[in-house]
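Step one of this worksheet: look at the structure below.
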Amino acid sequence: MRRLTALVGGLAFVCTVQSVRAESPGLGQPATPADVVSRDTAIPPDGRNLPVGSGTAAEGRRVYVRHCESCHGAIGKSEFSNSRGDRGVGAFWPYSTTLWDYIRRAMPSNAPRLISDSDVYAVTAYLLAINGIISADARLDRISVPLVRMPNRKAFIQPE
Amino acid sequence: MLRSWNRRQFIGGSIAAPLVIPEVAADALPPSAHKPGGEPPAYGVPAPDERYVRRTISEDGMIAKTPLAVQRGILTPSGLFFTRTHAGVPRIESRSHRLLVHGAVVRPVFLTMRDILRYPSTTRIAFIECAGNTSQEWNAPSGRTVSETHGLASCAEWTGVPLRTILEDVGAQATARWLLAEGADGASYDRSIPRDLAESEALVVYAQNGEMLRPEQGYPLRLLLPGLSGNASVKWLSRIALMEAPVYSREDTARYSEDLPDGRVRPFVFELGPKSVITTPSGGMRLDDHGTYQIVGFAWSGAGSIRVVEISIDGGATWREAHLDKPILPKAFTRFTGEFRWTGDAATVLSRATDEQGTRQPTREELLARRGSTMSYRYNAIHGWKVCGDGKVVRQ
Chain A
1 MRRLTALVGG LAFVCTVQSV RAESPGLGQP ATPADVVSRD TAIPPDGRNL
51 PVGSGTAAEG RRVYVRHCES CHGAIGKSEF SNSRGDRGVG AFWPYSTTLW
101 DYIRRAMPSN APRLISDSDV YAVTAYLLAI NGIISADARL DRISVPLVRM
151 PNRKAFIQPE
Chain B
1 MLRSWNRRQF IGGSIAAPLV IPEVAADALP PSAHKPGGEP PAYGVPAPDE
51 RYVRRTISED GMIAKTPLAV QRGILTPSGL FFTRTHAGVP RIESRSHRLL
101 VHGAVVRPVF LTMRDILRYP STTRIAFIEC AGNTSQEWNA PSGRTVSETH
151 GLASCAEWTG VPLRTILEDV GAQATARWLL AEGADGASYD RSIPRDLAES
201 EALVVYAQNG EMLRPEQGYP LRLLLPGLSG NASVKWLSRI ALMEAPVYSR
251 EDTARYSEDL PDGRVRPFVF ELGPKSVITT PSGGMRLDDH GTYQIVGFAW
301 SGAGSIRVVE ISIDGGATWR EAHLDKPILP KAFTRFTGEF RWTGDAATVL
351 SRATDEQGTR QPTREELLAR RGSTMSYRYN AIHGWKVCGD GKVVRQ
């Protein structure tokens, strides 16, 4: 009986501590896995979150002319040229996933997320091909994009 | 235009002699003393004579710089707070805005603004400075006015919920050492931030200077990371993901990373060193008469409070301590003042700040020697203004 009392006392103590800790208000509506998938579109270097679809540089050139050229100009005179000082895509960007992510996230700037995922693959392929990073006939998809080795990756210091 | 606000700037100092009038005639009173005034507006605006106080908007509309020369105290009015957007200012309705918090959490949730307003809140004063503030000085001393050179820094009072409170409420796991903050603007602007940097002081902010955020400041919700590079204080905040590694977004890599002199690139650099600038006299102003003027300026540091500001009026040959106005708050503008007697000779006025860590604002030469000339972010060198023989104030 004494042991039981001690046990109950101990439980009461544990419960008190827990209730102090559990003061969190517990606000918000639960987000389902489907909610998260629809909103979490960021593409880290491992390519997680890349969607289905694919495209080639030749297809990408057509997309570029239609959606990109009016702001970015003809290739070779823009920030995609191979200039490290200008932080150009080919010379400076450490991950191809970043390029894919940014095109879908923010481009074209007058209608972000307008172009299809396959068109994003195609423009990515075009920009990487004109920089000589992938071959002109390569087809990019969710498997191949994270495998592209960007020339400047080694210059980036890994955070601790 | 600048000359006109110059005059206004200094006219107060030149009418020091009191007028002695033995008998006050009714006619001598200003016209306003002879009639009733108008009703106050429901939402007040600056006096008509002050309408020239404006931000300077860049050609592409993505940058609005604070007119620091006419900022009279440490708090930047909300309508004059600098703005940098990556896809313009979105229109977001408060009632439909939701913040998704997910990733390495026990309880992934959508938080509405009603939810956010129920959390325990806090208020503090903090500056925000764009990583690119004063960046044109990396190449060569340039710029005309203090708004052009330093107008990507402002200071305000912020109200919101400590990020830690929200992370605790959703059960953020200890293994998640990074977080991604993402905005609901047209660029879905996103930054990966080391959690230890973010969690210590970060606020999820909904109010600025006592009212709900202005649209261009992130309405209805933004992140505030006091003392850290402004690009981490993501506006129109709509998603926080707890992660074990950074996403390496475009802003994490192609922007806001630091070129080291040896050719390497360091991403995720957020620290802002001690910095100060004299706002009066500053570029574009003109001293009308010889005599005494007050030097006014602001100092700030991402590392904490300002300990001392020194002023030189001889181009850095000799320095003396400026007066610091209270309050002297960590990671906030501190207003400093000093006296300047202008004899009519050309003179160069400089200021340099030292923060509570003992770090002193470097000279331009020291900064270039340490960080190289390929940098484009986080410039914090000593800045000077030259008062010419004719009273014009120009870049040193």
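One line per chain: the protein sequences are A and B, in this order.
Last residue of the first sequence: 160 in the working numbering, with the numbers rising by one and none dropped.
Last residue of the second sequence: 396 in the working numbering, with the numbers rising by one and none dropped.
Glycine included, C-beta positions come from ideal geometry on N, C-alpha and C.
Run of the beta strand (DSSP E) containing residue i, from where it starts to where it stops
i	result
residue 293 of chain B	291 to 300
residue 113 of chain B	Run containing residue 113 of chain B: none in the beta strand (DSSP E); it sits in the alpha helix (DSSP H), 113 to 118.
residue 162 of chain B	153 to 162
residue 149 of chain B	First-last for residue 149 of chain B: 146 to 150, but that is the alpha helix (DSSP H), not the beta strand (DSSP E).
residue 190 of chain B	190 to 194
residue 342 of chain B	334 to 342
residue 205 of chain B	203 to 208
residue 183 of chain B	178 to 183
residue 385 of chain B	383 to 387
residue 398 of chain B	Outside the displayed span of chain B (1 to 396) sits residue 398 of chain B, for which this structure offers no information.
residue 55 of chain A	54 to 56
residue 368 of chain B	Unbroken run through residue 368 of chain B is the alpha helix (DSSP H), 364 to 371; no beta strand (DSSP E).
residue 312 of chain B	306 to 312
residue 351 of chain B	347 to 355
residue 123 of chain B	122 to 129
residue 63 of chain B	63 to 65
Partner residues on chain B for residue i, Cβ-Cβ distance less than 8 Å
i	result
residue 54 of chain A	Simply none; closest approach about 22 Å.
residue 139 of chain A	In chain order: nothing, as chain B lies at least about 24 Å away.
Residue i versus the options, residue with shortest Cα-Cα distance
i	options	result
residue 93 of chain A	B:121, B:84 and B:253	B:253
residue 111 of chain B	A:140, A:150 and A:30	A:30
residue 160 of chain B	B:230, B:201, B:34 and B:310	B:201
residue 89 of chain B	B:365, B:208, B:166 and B:219	B:219
residue 314 of chain B	B:237, B:306, B:292 and B:342	B:342
residue 275 of chain B	B:113, B:84, B:266 and B:308	B:308
residue 320 of chain B	B:95, B:352 and B:139	B:352
residue 209 of chain B	B:122, B:241 and B:162	B:122
residue 84 of chain B	B:97, B:355 and B:233	B:233
residue 263 of chain B	A:116, A:159, A:160 and A:152	A:152
residue 157 of chain A	B:395, B:258 and B:214	B:258
residue 419 of chain B	B:191, B:166, B:196 and B:390	In the structure as shown, chain B starts at 1 and stops at 396, and residue 419 of chain B therefore has no counterpart that could be examined.
residue 114 of chain A	A:70, A:159 and A:63	A:63
residue 138 of chain B	B:129, B:156, B:379 and B:392	B:379
residue 211 of chain B	B:136, B:245 and B:158	B:158
Amino acids of chain A, ordered along the chain, whose beta-carbon sits closer than 8 Å to that of residue i
i	result
residue 234 of chain B	Neighbours of residue 234 of chain B on chain A: none; closest Cβ ~13 Å, over 8 Å.
residue 246 of chain B	44 and 159
residue 401 of chain B	The first residue shown for chain B is 1 and the last is 396, placing residue 401 of chain B beyond what the model contains.
residue 81 of chain B	Neighbours of residue 81 of chain B on chain A: none; closest Cβ ~24 Å, over 8 Å.
residue 190 of chain B	42 and 105
Neighbour list for residue i in chain A, Cβ cutoff strictly below 9 Å
i	result
residue 119 of chain B	25 and 27
residue 478 of chain B	Residue 478 of chain B falls outside the range modelled here, since chain B spans only 1 to 396, and no answer is possible.
Under 7 Å by beta carbon: chain A residues contacting residue i
i	result
residue 111 of chain B	27 and 28
residue 237 of chain B	Ordered by position in chain A, no residue passes the 7 Å Cβ test against residue 237 of chain B, which lies about 13 Å from the chain.
residue 263 of chain B	155
residue 115 of chain B	27 and 28
CB of residue i within 8 Å of CB of residue j, strictly
i	j	result
residue 90 of chain A	residue 143 of chain A	no
residue 53 of chain A	residue 118 of chain A	yes
residue 152 of chain B	residue 82 of chain B	yes
residue 272 of chain B	residue 229 of chain B	yes
residue 122 of chain A	residue 55 of chain A	yes
residue 60 of chain A	residue 106 of chain A	no
residue 109 of chain B	residue 204 of chain B	no
residue 145 of chain B	residue 297 of chain B	no
residue 221 of chain B	residue 206 of chain B	yes
residue 306 of chain B	residue 334 of chain B	yes
residue 129 of chain B	residue 163 of chain B	no
residue 67 of chain B	residue 55 of chain B	yes
Residue i: first and last residue of the uninterrupted alpha helix (DSSP H) it sits in
i	result
residue 74 of chain B	Per DSSP, residue 74 of chain B belongs to no alpha helix (DSSP H) and is neither H nor E.
residue 92 of chain A	89 to 92
residue 138 of chain A	Counting along the chain, residue 138 of chain A falls outside any alpha helix (DSSP H), and DSSP gives it neither H nor E.
residue 98 of chain B	Counting along the chain, residue 98 of chain B falls outside any alpha helix (DSSP H), though it belongs to the beta strand (DSSP E) covering 98 to 103.
residue 286 of chain B	No alpha helix (DSSP H) contains residue 286 of chain B, which DSSP labels as neither H nor E.
residue 160 of chain A	Where residue 160 of chain A is concerned, there is no enclosing alpha helix (DSSP H), given that its DSSP letter is neither H nor E.
Chain-ordered chain B contacts of residue i [CB-CB under 7 Å]
i	result
residue 37 of chain A	Within 7 Å Cβ-Cβ: nothing; residue 37 of chain A doesn't reach chain B, min ~10 Å.
residue 93 of chain A	253 and 254
residue 87 of chain A	254
residue 31 of chain A	100, 102, 108, 109 and 110
Within chain B, the residues that residue i reaches when beta carbons sit closer than 9 Å
i	result
residue 119 of chain A	What residue 119 of chain A touches in chain B: nothing, since even the nearest Cβ is about 17 Å away.
residue 98 of chain A	247, 248, 249, 250, 252, 253 and 254
Requested in this report: Give a yes or no on contact between the segment 344 to 351 of chain B and the segment 375 to 388 of chain B, applying the rule of three or more CB pairs nearer than 8 Å.
Outcome: yes
Query raised in the report: Touch check for the segment 284 to 304 of chain B and the segment 25 to 36 of chain B: three-plus C-beta pairs under 8 Å?
Result: no
Query raised in the report: Contact between the segment 312 to 330 of chain B and the segment 253 to 262 of chain B: three or more CB pairs below 8 Å?
Result: no
Query raised in the report: If you pair each beta-carbon of the segment 234 to 252 of chain B with each one of the segment 359 to 375 of chain B, do three or more pairs fall below 8 Å?
Result: no
Query raised in the report: On the three-pair Cβ rule with 8 Å, is the segment 90 to 109 of chain B touching the segment 178 to 193 of chain B?
Result: yes
Report task. Answer yes if the segment 89 to 98 of chain B comes into contact with the segment 184 to 201 of chain B, meaning at least three C-beta pairs across the two stretches below 8 Å, and no otherwise. Result -> yes
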